Amino acid sequence: MSVYIQRNTSFTESEKLVNELGVKSFLRFWTWPNLFRDQENGKEICDLIIVFGNDILLISDKKIEFNKDKDINVEWKRWYKKAIAKSFSQTKGAERWIREFPTRLFVDKECTNRFPINFDITQAKFHHILVTHGLETILDEQLGYASLQFTNDGELGDQHPFRIGLINRNDPFVHVFTEKTLLDSLGLFDTANDFLEYLKIRESFFLNEKDVSLNAEGDLITLWYESYAESTEERNIFSNLEMKKYSINLNYPTFDKFIKREDFNLKKELDRNSYFWDALIESFSYHILNGTSIDNNNWTEIHEIEEKIRNMAQANRFQRRILGDSFVSMYYDFKNKRGTRLSTISGLEQAYLFFCLPVEVEYGSMEQYREVRKMMLHEYAVIRKLRHPEIKSLVMIGFASARDGSILDTSFFEEGNDFGYIDFSDWSEEDNNQAKYVLAEYEKHNLVGKNQITEMTAEEFTPTYKKTRS
Numbered sequence: 376m377s378v379y380i381q382r383n384t385s386f387t388e389s390e391k392l393v394n395e396l397g398v399k400s401f402l403r404f405w406t407w408p409n410l411f412r413d414q415e416n417g418k419e420i421c422d423l424i425i426v427f428g429n430d431i432l433l434i435s436d437k438k439i440e441f442n443k444d445k446d447i448n449v450e451w452k453r454w455y456k457k458a459i460a461k462s463f464s465q466t467k468g469a470e471r472w473i474r475e476f477p478t479r480l481f482v483d484k485e486c487t488n489r490f491p492i493n494f495d496i497t498q499a500k501f502h503h504i505l506v507t508h509g510l511e512t513i514l515d516e517q518l519g520y521a522s523l524q525f526t527n528d529g530e531l532g533d534q535h536p537f538r539i540g541l542i543n544r545n546d547p548f549v550h551v552f553t554e555k556t557l558l559d560s561l562g563l564f565d566t567a568n569d570f571l572e573y574l575k576i577r578e579s580f581f582l583n584e585k586d587v588s589l590n591a592e593g594d595l596i597t598l599w600y601e602s603y604a605e606s607t608e609e610r611n612i613f614s615n616l617e618m619k620k621y622s623i624n625l626n627y628p629t630f631d632k633f634i635k636r637e638d639f640n641l642k643k644e645l646d647r648n649s650y651f652w653d654a655l656i657e658s659f660s661y662h663i664l665n666g667t668s669i670d671n672n673n674w675t676e677i678h679e680i681e682e683k684i685r686n687m688a689q690a691n692r693f694q695r696r697i698l699g700d701s702f703v704s705m706y707y708d709f710k711n712k713r714g715t716r717l718s719t720i721s722g723l724e725q726a727y728l729f730f731c732l733p734v735e736v737e738y739g740s741m742e743q744y745r746e747v748r749k750m751m752l753h754e755y756a757v758i759r760k761l762r763h764p765e766i767k768s769l770v771m772i773g774f775a776s777a778r779d780g781s782i783l784d785t786s787f788f789e790e791g792n793d794f795g796y797i798d799f800s801d802w803s804e805e806d807n808n809q810a811k812y813v814l815a816e817y818e819k820h821n822l823v824g825k826n827q828i829t830e831m832t833a834e835e836f837t838p839t840y841k842k843t844r845s
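Using our numbering, read the sequence shown as starting at 376 and increasing by one per residue.
So this is what it looks like as structure tokens:
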């Protein structure tokens, strides 16, 4: 079945920037600009909506200029009303509609194409995000950094220029970003997992029972990065000594100095291969959303395959680095050869199976070769399940083996790759016996070798992998 989704592509400059940042972090499958409701001849719900599992981000984007020639207190009230109060009204309205009519979302103004992503409205967590433009110059002049200041004062309202409190304690929590701080945040938290974690920590920070103030967004970002504990492999800003004070006035080492640090820039270099993983997800997503996917034998609607693709996108940047490194090294290790590699990553439920097969004349046409490759990919998957019974689910990726002189660049995606997903929760004795038969056949034809296991550990700010078991 061919499925094609026509998206809105008409943006203002500020909307274009926010959409591009959303796609960069959440990727195109989950980033939807200008969804509509079937009311008033197709009424726009929100500037940008991101749906990732049961996390729903409602983003309002407004460019409101700040007139520096007027009284600063009077002008702030005017600006606040248009950029904050009015924008929040839009996202609140969007949440109300989605909660009441979760199936009445459309990607076109004519309301003929329904929003293709499923979510459980009873479990939905809404994140209200207001992106403001037009304040950067005055913020630089007044505060020295193009960031608003923040506090958890619920009574502040529009009374203090350039300071945002809790908009309304009885309303949902609201995240407010300037163009600069959104670029900083999504530039660093550039996966769905990482940005959602940051939003949740940010919300917890301001809903703290203590009096809290933040002088610049970059201070919280810096604290987040520095709160990583090797012992637990987690970040917890609330373990920081600063957070144990009765009243918290976070004025951390400047963000601009932080991003110039040697260890931070080393991490960015180490993450290089992780962006190949992003490109792989985008490639599969592109063909699914544009109706050009040729491997859709096990799905007929987009929502049926979305969850499988989302499993790949659940990985944070560090986990994507490990997956990307594993894939890239395999690509070059198996030039002109058939090969498989199983990768399991701490913190991810599913395992990943990579399979490469050389393009050879014996397979006939390219279509016949692709069919053989897909069949073998699935058969290697059940062999891996047999050998590793602890695997609960498996993402499978098949591709053509590299040739002499091959470079892993955009041409890789033009060759066409296979994607599959198996949930082993219903794995039966019959399945097990069938897998034993497949393994025996593959052993008979020398298509499977000895099961080699190498256990490696990696650290986020360290350039080498440590072999712990082989």
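Using N, Cα and C, we set each Cβ at its ideal position, and we do this for glycine too.
What you are looking at is a predicted structure, and each value in this text was computed from that prediction instead of being measured.
Could you pull the start and end residues of the beta strand (DSSP E) that residue i belongs to?
i, result
"Ile663", "Looking at the DSSP string, Ile663 is not in any beta strand (DSSP E); the run it does join, the alpha helix (DSSP H), is Ser649 to Leu664."
"Phe794", "Asp793 to Asp798"
"Ser588", "Asp586 to Leu589"
"Lys643", "Lys643 -> not in any beta strand (DSSP E); alpha helix (DSSP H) instead, spanning Glu637 to Leu645."
"Phe774", "Ser768 to Ala775"
"Glu830", "Glu830 to Thr832"
Tell me which residue opens and which closes the alpha helix (DSSP H) that residue i is part of.
i, result
"Arg577", "Ala567 to Phe581"
"Phe787", "Ser786 to Glu789"
"Thr597", "Glu592 to Glu601"
"His763", "Looking at the DSSP string, His763 is not in any alpha helix (DSSP H), and its letter there is neither H nor E."
"Ile677", "Ile677 to Ala688"
"Glu695", "This sequence places Arg at residue 695; Glu is not what is there. Arg695 -> alpha helix (DSSP H) spans Arg692 to Asp708."
"Asn711", "Careful: Asn711 lies outside any alpha helix (DSSP H) and carries neither H nor E."
"Leu783", "It is not in any alpha helix (DSSP H) - Leu783 carries neither H nor E in the DSSP assignment."
"Ser400", "Glu388 to Phe401"
"Asp631", "Phe630 to Phe633"
Figure out for me which residue from the options has the closest Cα to the Cα of residue i.
i, options, result
"Arg778", "Met705, Ile473, Phe570 and Ser800", "Met705"
"Leu641", "Leu402, Glu834, Ile539 and Phe659", "Glu834"
"Asp700", "Ser649, Glu735 and Asn691", "Ser649"
"Ile539", "Phe581, Lys575, Leu563 and Glu516", "Phe581"
"Leu822", "Leu752, Asn792 and Gln725", "Leu752"
"Phe494", "Lys445, Ile431, Ala726 and Lys632", "Ile431"
"Ile623", "Asp801, Ser588 and Leu595", "Ser588"
"Leu732", "Gln524, Ser776, Thr785 and Gln694", "Ser776"
"Phe552", "Ala458, Lys467 and Glu584", "Ala458"
"Arg696", "Glu676, Gly428, Ile720 and His678", "Ile720"
"Lys456", "Trp652, Ile542 and Arg577", "Ile542"
"Phe401", "Gly562, Thr497 and Gly739", "Gly562"
"Trp407", "Pro491, Lys467 and Phe441", "Pro491"
"Tyr520", "Thr507, Val506 and Thr556", "Thr556"
"Leu728", "Glu609, Phe794 and Phe659", "Phe794"
"Asp436", "Lys391, Val398, Asn416 and Lys445", "Lys391"
"Asp801", "Tyr661, Tyr840 and Lys760", "Lys760"
"Phe537", "Thr526, Pro547, Asp546 and Arg544", "Thr526"
"Gln725", "Glu737, Ser579, Pro477 and Phe799", "Phe799"
"Lys767", "Ser803, Gly739 and Arg479", "Ser803"
"Arg762", "Asp653, Ile828, Asn583 and Val549", "Ile828"
"Phe481", "Glu419, Lys749 and Ser718", "Glu419"
"Thr361", "Asn429, Asp444, Gln524 and Lys467", "Residue numbering for the chain in the displayed model covers 376 to 845; residue 361 lies beyond these limits and cannot be assessed."
"Gln524", "Tyr603, Leu625 and Pro477", "Leu625"
"Leu698", "Ser740, Val770 and Ile634", "Val770"
"His508", "Ile439, Asn583 and Asp559", "Ile439"
I'd like to confirm the pairing. Which residues does DSSP put opposite residue i in its beta bridges?
i, result
"Ala815", "For Ala815, which the question treats as bridged, DSSP gives no partner whatsoever."
"Trp407", "Ile424"
"Gly722", "In DSSP, Gly722 forms no bridge with anything."
"Tyr727", "Ser718 and Val770"
"Leu625", "Leu589"
"Ala604", "Glu609"
"Leu752", "Its beta-bridge partners do not exist; DSSP assigns none."
"Leu732", "Ala775"
Of all the CB atoms in chain D, is at least one closer than 9 Å to the CB of residue i?
i, result
"Leu518", "The displayed structure is made up of one protein chain only, and chain D is not part of it."
Can you tell me whether residue i sits near the ligand ATP, meaning its C-beta is under 8 Å from at least one heavy atom of the ligand?
i, result
"Ile782", "Looking at this structure, you won't find the ligand ATP or any other ligand, since it has none at all."
- request: Within the region 471-558, note down every full alpha helix (DSSP H) run reaching 4 residues or more, in order along the chain.
  value: 511-518
query: Is there contact between the region 407-426 and the region 705-722, where contact requires at least three CB pairs shorter than 8 Å?
result: no
query: Which runs of the beta strand (DSSP E), 3 residues or longer, sit entirely within the region 413-482?
result: The qualifying runs are 418-427 and 430-438.
task: Determine contact between the region 463-476 and the region 442-455, defined as no fewer than three beta-carbon pairs at a distance below 8 Å.
output: no
query: Are there three or more Cβ pairs, one per stretch, closer than 8 Å when the region 468-479 is compared with the region 508-518?
result: no
- request: Say whether the region 483-492 touches the region 397-415, bearing in mind that this needs 3 or more beta-carbon pairs closer than 8 Å, one atom from each stretch.
  value: Yes, the region 483-492 is in contact with the region 397-415.
- prompt: Taking one C-beta from the region 593-607 and one from the region 627-636 each time, how about it: are there three or more such pairs within less than 8 Å?
  reply: Touching, per the Cβ criterion.
- request: Inspect the CB distances between the region 780-788 and the region 736-755 and report whether three or more fall short of 8 Å.
  value: no
message: Assess contact between the region 564-574 and the region 679-699, defined as three or more Cβ pairs (one per stretch) separated by less than 8 Å. Is contact present?
response: Segments in contact, yes.
task: Mind the definition here: the region 730-750 touches the region 809-825 only if three or more C-beta pairs lie below 8 Å; say whether that holds.
output: no
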